[in-house]
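Residue numbers (this note's numbering), protein chains in the order written: chain A, 26 to 282; chain B, 271 to 431. Just so it is clear, CB atoms sit at the ideal spot from N, CA and C, and this is done for glycine as well.
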């Protein structure tokens, strides 16, 4: 779609709200024909890793926790409970993966909001469908492979829930198969669309602030409210992604529930 | 839409793999052992403290029980001692009262005897004094001594009269 900008009326500002999603190569790297350039997306991924690591590792190790420590412990216990509630004790081995998934998505979502506009151009890693799809595919393919590895063809029982009348099976099995196949799509599109929509909206309101002059106070106030909502959505989408991943892995652990 | 530029997919995927892998390594090797050990330590500490508190509470309850038992025992033994003492003292008082009564009765009897003796003696002397007085009066009146027999018969008849 159009990345050539629609120019604003004042001062030639780039008002294209999609401009923020563009990938720019900071350090071009090529291995043979493979493009592995360090882009602005890569930069924010690295910053996410640094921020999450700092949050989880820099806390103290006291019995009575310090503030930073208790934030890390809250995230740990939150995901730990989620893993136990959705997958039971067998799901314990997936706890590090789910915790990483949650922290990575939450960190990326949040950093996209709290960027330093002058020093660093804000960019949200999770506003790109390829990134969210890769994460969703990792979960989905991983769960599917694990399900077949653990239960063999018995994993296919997932598509015929126990207690279904046999006459319903011709109808039910296709529905279950379609719903299973659409999981990675829905998982990735949900996160990507939420992030993109939120940031696009914030950018659109930001252009209004400039365009309206003194009356720009009104969209500015709206933006403040939206930013609060975006913080909530950033957390909520990370949570939804993590808990759905838990459920998909749980299906692989216990296909006939 | 910049999200659909296929040429940008590969660098994003490669760096996603690198950073996600790095974060997985950091979280699984460093963060989870660190935070998990603190949480476990805290739970252990809390459990130990609760156990210690309940042990102390049990001790306290036991001490209170012992104290109450001792108190009840002391009260019972005090009661026994009091009633024993009372019985002993009553017996002693009774004994002493009896002895006193006996002594008093003896003294009374003795006194009565001595009173009787003294009275008898006094009475005997009264007769003698009367005879002497009679003799003296008669001697004074008549100028001669009357016969002893006459005096004594006269005194005794006067005493009877």
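Cross-chain neighbours of residue i in chain B, by beta carbon under 9 angstroms
{"i": "residue 176 of chain A", "result": "Within chain B, no residue comes near residue 176 of chain A; the closest Cβ sits about 25 angstroms away, beyond 9 angstroms."}
{"i": "residue 101 of chain A", "result": "301, 302, 305, 306 and 309"}
{"i": "residue 64 of chain A", "result": "278, 281, 282 and 285"}
{"i": "residue 207 of chain A", "result": "Within 9 angstroms Cβ-Cβ: nothing; residue 207 of chain A doesn't reach chain B, min ~20 angstroms."}
{"i": "residue 67 of chain A", "result": "281, 282, 284, 285, 286, 288 and 289"}
Cβ distance (whole Å) where residue i is taken to contact residue j below 8 angstroms
{"i": "residue 70 of chain A", "j": "residue 283 of chain B", "result": "In fact, because the Cβ distance is near 11 angstroms, the residues do not count as touching under 8 angstroms."}
{"i": "residue 149 of chain A", "j": "residue 290 of chain B", "result": "Residue 149 of chain A to residue 290 of chain B, Cβ: 16 angstroms. No contact."}
{"i": "residue 272 of chain B", "j": "residue 255 of chain A", "result": "Between residue 255 of chain A and residue 272 of chain B the Cβ distance is about 19 angstroms, and since that is not below 8 angstroms, they are no contact."}
{"i": "residue 245 of chain A", "j": "residue 234 of chain A", "result": "5 angstroms"}
{"i": "residue 66 of chain A", "j": "residue 153 of chain A", "result": "7 angstroms"}
{"i": "residue 424 of chain B", "j": "residue 404 of chain B", "result": "7 angstroms"}
{"i": "residue 280 of chain A", "j": "residue 216 of chain A", "result": "Actually they are not in contact, since the Cβ atoms of residue 280 of chain A and residue 216 of chain A sit about 26 angstroms apart, beyond 8 angstroms."}
{"i": "residue 104 of chain A", "j": "residue 127 of chain A", "result": "5 angstroms"}
{"i": "residue 138 of chain A", "j": "residue 76 of chain A", "result": "Their Cβ separation, rounded to whole angstroms, is 12 angstroms, which puts residue 138 of chain A and residue 76 of chain A out of contact at 8 angstroms."}
Within chain B, partners of residue i - CB distance below 8 angstroms
{"i": "residue 155 of chain A", "result": "273, 278, 279, 282 and 283"}
{"i": "residue 61 of chain A", "result": "280, 281, 284 and 285"}
{"i": "residue 267 of chain A", "result": "In chain order: nothing, as chain B lies at least about 13 angstroms away."}
{"i": "residue 48 of chain A", "result": "272, 275, 278, 281 and 282"}
{"i": "residue 121 of chain A", "result": "294, 297, 298 and 302"}
Interface partners of residue i on chain B, CB under 7 angstroms
{"i": "residue 130 of chain A", "result": "Those within 7 angstroms of residue 130 of chain A in chain B number zero; the least Cβ separation is about 10 angstroms."}
{"i": "residue 52 of chain A", "result": "Those do not exist, as residue 52 of chain A stays about 10 angstroms from chain B at its closest Cβ, beyond 7 angstroms."}
{"i": "residue 71 of chain A", "result": "289"}
{"i": "residue 159 of chain A", "result": "283 and 286"}
{"i": "residue 135 of chain A", "result": "Within chain B, no residue comes near residue 135 of chain A; the closest Cβ sits about 14 angstroms away, beyond 7 angstroms."}
{"i": "residue 43 of chain A", "result": "271 and 272"}
Enclosing alpha helix (DSSP H) for residue i [first to last residue]
{"i": "residue 123 of chain A", "result": "120-138"}
{"i": "residue 399 of chain B", "result": "302-412"}
{"i": "residue 54 of chain A", "result": "Careful: residue 54 of chain A lies outside any alpha helix (DSSP H) and carries neither H nor E."}
{"i": "residue 250 of chain B", "result": "The question about residue 250 of chain B has no answer here: the residues shown for chain B are numbered 271 through 431."}
{"i": "residue 152 of chain A", "result": "Per DSSP, residue 152 of chain A belongs to no alpha helix (DSSP H) and is neither H nor E."}
{"i": "residue 92 of chain A", "result": "92-112"}
{"i": "residue 89 of chain A", "result": "Element bounds for residue 89 of chain A: n/a, residue is neither H nor E."}
{"i": "residue 83 of chain A", "result": "Here residue 83 of chain A belongs to no alpha helix (DSSP H), and DSSP marks it neither H nor E."}
{"i": "residue 270 of chain A", "result": "242-278"}
{"i": "residue 282 of chain B", "result": "279-296"}
Within chain A, partners of residue i - CB distance below 8 angstroms
{"i": "residue 292 of chain B", "result": "74"}
{"i": "residue 320 of chain B", "result": "Those do not exist, as residue 320 of chain B stays about 15 angstroms from chain A at its closest Cβ, beyond 8 angstroms."}
{"i": "residue 308 of chain B", "result": "86, 87, 88, 90, 94 and 98"}
Chain-ordered neighbours of residue i on chain A, where CB pairs are closer than 7 angstroms
{"i": "residue 301 of chain B", "result": "81 and 82"}
{"i": "residue 312 of chain B", "result": "88"}
{"i": "residue 315 of chain B", "result": "88"}
Closer than 9 angstroms at the beta carbon, the chain A residues around residue i
{"i": "residue 296 of chain B", "result": "74, 77, 78, 81, 82 and 125"}
Assess contact between the stretch 278-291 of chain B and the stretch 185-203 of chain A, defined as three or more Cβ pairs (one per stretch) separated by less than 8 angstroms. Is contact present? no
The stretch 175-188 of chain A / the stretch 84-93 of chain A touching (three or more Cβ pairs under 8 angstroms): no
Is there contact between the stretch 76-84 of chain A and the stretch 107-118 of chain A, where contact requires at least three CB pairs shorter than 8 angstroms? no
Note down, one range per segment and in chain order, each alpha helix (DSSP H) of at least 4 residues found wholly within the stretch 182-230 of chain A. 194-206
Counting pairs of beta carbons, one from the stretch 146-166 of chain A and one from the stretch 209-221 of chain A, are three or more of them closer than 8 angstroms? yes
Any contact between the stretch 178-189 of chain A and the stretch 113-127 of chain A? By contact I mean 3 or more CB pairs, one from each, below 8 angstroms. no
Should the stretch 260-277 of chain A be called in touch with the stretch 128-135 of chain A, which here means at least 3 C-beta pairs below 8 angstroms? yes
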